[in-house]
Amino acid sequence: MPQILVSILTILGILIVSYFIGSFPSAIFIGKVFYGVDVRTMGSHNAGGTNVGRVIGKKAGFITIGLDVLKTVISIWVPFFILTLFPLSTYLLPTTIIPLEVYYYLGGIGAAIGHCYPIFSGFKGGKAMSVFSGFVFATNPVLSVLGLSCFLGIFFWKKYVSLASITAPFIVFLLSLLIAVFPVLNCTAYFFHPAIRMIQSSYIYSIYLLVIAIYVIIRHIPNIKRLLNHTEPYTHFKKTPSIKESASENK
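Per the working numbering, residue 7 is the first one in the sequence shown, and the count goes up by one each step.
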């Protein structure tokens, strides 16, 4: 089979599989299965971790965010390990034409599309911030810590999750450019197996981060308008009720 055809099929396969992984509706699953509520009908009506935190409580919100992050990690790590541990890469176009990182980073793009437009819940999903977080966590632990620090710093300062969500990704993008410019900083990437292969930070990596960061912005346009009009509500997570309490409240 021609290398170009194998490459195209690999790209399509990664996008399709990661889309379905990203489509798992964590917020709806947590709300309906454990608390008997549909978060799409409450709060901001968004099927994301922040709304779960508002509607149900911080514990449920953090679990939802964790599941959403995990979706992206799986979507990137699975193709990474397949392409680096198995001989499939020998059938692809030369890395001088399409670097291997292009393939497994596409898993993050597929997960982002699935998260925002999930096939399992009427194509209405979250706002991609947890996907961005998962993308960074799956690829560079130092950027993860720096990005989380920026996010929490902005949130505790201004009390708006939306403001933190649209600011932190671009800060992480700018930091990734430093890693691309100074290759010695690549030591911050994960080491995955004895061959000491690792997910390299590069300009390609920065481009992917920028694409997802812009996508986060687009998904937050209503929030941006409210921030500019000073009508965006502060973010407060309520105490998570027990499953029994939540069920009785929603009878």
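C-beta atoms are modelled at their ideal positions from N, C-alpha and C, and glycine is treated no differently.
Under the DSSP assignment, residue 164 falls in the alpha helix (DSSP H) whose first and last residues are 147-164. Non-local C-beta neighbours of residue 97 in its own chain, meaning closer than 6 Å and more than five positions away in sequence, comprise 12, ordered along the chain.
Around the beta carbon of residue 242, fewer than 16 other beta carbons lie within 10 angstroms, which makes this residue exposed. Burial of residue 143 is indicated by the presence of at least 16 other C-beta atoms within 10 angstroms of its C-beta.
Counting along the chain, residue 65 sits inside the alpha helix (DSSP H) bounded by residues 64-91. One alpha carbon belongs to residue 162, the other to residue 113, and they sit about 32 Å apart.
It is roughly 15 Å from the alpha-carbon of residue 155 to the alpha-carbon of residue 182.
Apart from the 5 residues on each side of it in sequence, residue 125 sits with its Cβ closer than 8 Å to the Cβ of 25, 26, 29 in its chain, given in chain order.
Of all C-beta pairs linking the stretch 17-24 to the stretch 100-117, three or more are shorter than 8 Å, placing the two stretches in contact. Taking a cut-off of 8 Å on C-beta distances, the stretch 47-55 touches the stretch 125-136, as three or more cross pairs fall below it. Sixteen is the threshold: since fewer than 16 other Cβ atoms of the shown chains lie within 10 Å of the Cβ of residue 231, the residue is exposed. Contact between residue 33 and residue 81 does not hold, since the beta-carbon distance rounds to 18 Å and is not under 8 Å.
In this structure, the CA atom of residue 40 is about 36 Å from the CA atom of residue 177.
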